[in-house]
Structures are given as structure tokens and as C-alpha cells.
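Novice: There's a structure below that I have some questions on.
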Amino acid sequence: MEKLIKILKQFGIYNEYLKILDVNIDGDRYLTILTPTTLDWIEEEEIEEILEDVFKNVRVKISRLPLNKFIKVYLEKNVKNKAYGENIENIEIEGENYALYIDWKNKKIIIHKFNGKKPIKESCKLSSNWETMWGIWVLGFESKEKAKEFAENLADEIYKYYVIDFDIEEHRRCLSEDK
């Protein structure tokens, strides 16, 4: 893996959000390299060929990291003392806290208020799941300001790699009493 990362750095496609999937199927090895940076297809194919020459008997594919996967990698690296997605079920969260719903379908991040794992207003969380095909929840921010700062940092990283503007909104129904 170190050799692979060294080669990727030489091509300038290594970054903190890179995901490498290394799979063996029936004795054949496949490397899938997912990166948020965009390469043109000629450059992509050349790098794949070079890597296949270096790592004999390995099929290599470089692909763009899908936005929802990028967001999950970002959360994996940056969420401390909070819970997100399906792991919310396994973590104790008590008292008043602020939450983010990262809506990758509609390109927005919405700040909500929760009491433990329950939204202040029922209309905040319509699905019983903490992660859906449209977005993911992050719970445990101690203040609205900290939730907003986290949302802004995430939105900046999304823009940096995907050139997509995510709107940051406060959910009026549950935050009206904070004003």
C-alpha cells in the first residue's frame, strides 16, 4: 500500500479523502482508487496502465469518489464526540444538542435542535433511519454556532473538490425558540 500511495503522490492525486479498495476475487486482485479530484480519461487510463505494470497481476481502476461517499469520508475523519449515520444507534446522546442533516440530494445542510436522539419537533426527522439515499444525520453539537461552523467547513470542502454550493439553513420549526 505504501508503494501505491507513493506513486499516487507522484501523479498528484493523493489527498486525505482518497479511498483505496483492495479486493481479491477467485485469486484475482483488483484495486479501485476513488478520489474526489477529477482526472481526464486519458490521464486516468495512463495512470491505471502504469500501476498495472508496477503491480503485476492486478487490475486497477481510478474513479471519482461519489459525493455521498466523500461526505462520509469527511465525517469519518472530522467527527469527534458526535455521532453520524447508522452509528448514532450505538452512541449515548443525552440532553439538548444540535444536529445537522446533510442533504446531498438537494445540496443543503440543515441545522436542527434535538433532545438526546429525539428531534424537538416531529417534522424534523421524517424517516426512522439516520442515513438514507438522500442524506445523513450528524448529532451531538453543543451549540448552534458549532454546528454551523462544522457545516461551513464541510460545504467549503465540497466546493473545493466538486464545485457544488451547499446551502446552510436553520430549520425554522425547531430553532424558532432560539432566536
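Numbering-wise, the working numbering puts 114 at position 111 of the sequence shown, and it's gapless, one number per residue.
Beta carbons: idealized from backbone N, C-alpha and C, even for Gly.
Only a predicted model underlies this, so the values are computations on that prediction, with no experimental measurement involved.
#1: Whole angstroms is fine: what's the gap from Ile23's alpha carbon to Leu37's?
#2: Check whether the Cβ of Gly30 sits closer than 7 Å to any heavy atom of the ligand ATP, and report yes or no.
#3: Please determine, among Leu21, Asp29, Glu47, Gly119, the residue with the shortest C-alpha to C-alpha distance to Lys80.
#4: Assuming contact is defined by CB atoms lying nearer than 8 Å, are Ile53 and Ile105 in contact in what I supplied?
#5: If I measure Cβ to Cβ from Glu51 and keep anything under 8 Å in the same chain, skipping five residues before and after, which residues do I get?
#6: Comparing C-alpha positions only, which one of Ser131, Met4, Glu55, Asp29 sits nearest to Ile91?
#7: Please determine, among Glu145, Ile114, Arg176, the residue with the shortest C-alpha to C-alpha distance to Ser126.
#8: Can you tell me where the beta strand (DSSP E) with Leu24 in it begins and where it stops?
#9: Looking at the secondary structure, which residues open and close the alpha helix (DSSP H) in which Trp133 lies?
#10: Would you please state the rounded distance, in angstroms, between the beta carbons of Trp133 and Lys108? I believe it to be under 8 Å.
#11: Could you tell me which residues DSSP pairs with Trp140 in its beta bridges?
#12: How is Glu55 classed by DSSP in three states: helix, strand or coil?
Specialist: This is what the structure gives:
#1: Here residue 23 refers to the residue found at position 20 of the sequence shown. Here residue 37 refers to the residue found at position 34 of the sequence shown. Distance between the alpha carbons of Ile23 and Leu37: 6 Å.
#2: As far as ligands go, the structure on display features none, and thus does not contain the ligand ATP.
#3: Walking along the sequence shown from the start, residue 80 turns up at place 77. Checked all of Leu21, Asp29, Glu47, Gly119; the closest Cα to Lys80 is Leu21.
#4: Within the sequence shown, residue 53 is the residue found at index 50, counting from 1. Within the sequence shown, residue 105 is the residue found at index 102, counting from 1. Not a contact, by the Cβ cut-off of 8 Å.
#5: Taking the first residue of the sequence shown as 1, we reach residue 51 at position 48. The answer, listed in chain order, is Val63, Lys64, Ile65.
#6: Position 88 of the sequence shown, counting from 1, holds the residue named residue 91. Answer by Cα proximity: Ser131.
#7: Locating residue 126 in the sequence shown gives position 123, where the first residue counts as 1. Of the listed residues, the one whose Cα sits closest to Ser126 is Arg176.
#8: Sequence index remark: in the sequence shown, residue 24 carries index 21 (1-based). Counted as a single uninterrupted DSSP element, the beta strand (DSSP E) harbouring Leu24 occupies residues 22-28.
#9: The count along the sequence shown starts at 1 and reaches residue 133 at position 130. That residue, Trp133, is in no alpha helix (DSSP H); it is neither H nor E in DSSP.
#10: For the purposes of this step, residue 133 is taken as residue 130 along the sequence shown, with counting starting at 1. For the purposes of this step, residue 108 is taken as residue 105 along the sequence shown, with counting starting at 1. About 16 Å separates the two Cβ atoms, so there is no contact after all.
#11: As a position in the sequence shown, residue 140 is number 137, starting the count at 1. Within the DSSP bridge table, the entry for Trp140 names Tyr104 as partners.
#12: Locating residue 55 in the sequence shown gives position 52, counting from the first residue. Annotated three-state conformation of Glu55 is helix, per DSSP.
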